[in-house]
Each structure stands twice: as structure tokens, then as C-alpha cells.
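Start counting the sequence shown at 1; every next residue gets the next number (this note's numbering). All C-beta atoms in this analysis are idealised placements derived from N, C-alpha and C, irrespective of residue type, glycine included. Quick caveat: nothing in here was measured; it's all calculated off a predicted structure. Each remark here refers to the structure printed beneath this line.
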Amino acid sequence: DMNKKWKKRRIRPFLDEYDVDGKKIYLAAEGRLVNLAAAEGHPSEVMATSFAGQVLACEYLVKNKGKLKPAVIKLPEELDNKIAELQLEVMGVKKDVLTKEQERYLHSWQEGT
């Protein structure tokens with residue numbers, strides 16, 4: 001019967017529990033698109049990395065004005081790596097440097113896993 005009262009309990013923001021004749025039904029974001037209705041945003045690290053990429057991409061475009069053809073421009077790998085290094089530095093993560101022996105081993109494989 002659709003007119004029957006269901007017992008509703010708020011579990012947390014954007015998550016409700018309905019008790020229907022002893023059965024539990026969980027409804028996220030009132031049935032709306034969860035990623036739109038219940039979005040809580042990205043972590044600050046994700047936003048900082050994204051903004052760093054945008055800033056370095058703009059700087060790259062300015063420095064290369066007149067040299068680039070009209071097209072979708074892929075960010076050079078060096079800048080992509082710089083973004084990652086900056087974020088890791090802010091997070092206090094230190095990057096290892098491969099030894100010569102590790103470098104040789106890394107480049108010694110011709111095929112396989």
C-alpha cells in the first residue's frame with residue numbers, strides 16, 4: 001500500500017534508512033544523482049594538484065606564444081612530473097633515486113614480466 005507510513009531515519013547527511021514492514025531500505029541523496037546531490041568536494045590535495053597543473057599549463061602557453069599551432073596541447077611530461085614532485089614535497093614525501101645497478105636492471109628487460 002503506497003499510502004502506508006514508512007519509518008524514516010537519517011543515518012548521516014545524504015543517507016536515509018526506511019523501515020518497511022521490518023525490511024530496511026537505504027536511500028542515498030533522496031534518490032538523486034549521488035555525485036551531484038551529495039558531493040562533498042575533492043580533497044585539498046587533489047585540488048592543489050589540479051590548480052598547479054592549470055598554472056603551469058598557462059605559464060607554458062605564455063612562454064611558447066607564437067610557437068604552438070592551434071590545437072589541443074598535451075602538457076609536456078616534464079611539467080606533469082614537476083606537478084607530482086611539488087605535491088609530494090608539500091606532503092613531505094621524499095623521492096628515491098635509483099642506483100646504477102637498479103637502472104641497469106630496469107632497462108635490461110627485453111620482454112615478459
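Check, Outcome
"At a cut of 8 Å, does the segment 87-94 reach the segment 42-62 through at least three beta carbon pairs?", "yes"
"Does the Cβ-Cβ distance between Leu61 and Ile83 come in under 8 Å?", "no"
"Should Lys8 and Asp16 be called a contact, given that it needs their Cβ atoms to be closer than 8 Å?", "yes"
"Tell me the DSSP secondary structure of Val93 in three-state form.", "coil"
"Among the residues of its own chain, which have a CB less than 7 Å from the CB of Ala29, if the five just before and after it don't count?", "Phe14, Ala37 and Ala38"
"What's the gap between the Cα of Gly66 and the Cα of Cys58?", "14 Å"
"Let me know the secondary structure DSSP gives Val20 once reduced to three states.", "strand"
"Cα-Cα, which of Ile11, Thr99, Asn35 and Leu33 is closest to Lys24?", "Ile11"
"Below 8 Å between beta carbons: does that hold for Leu68 and Gly53?", "no"
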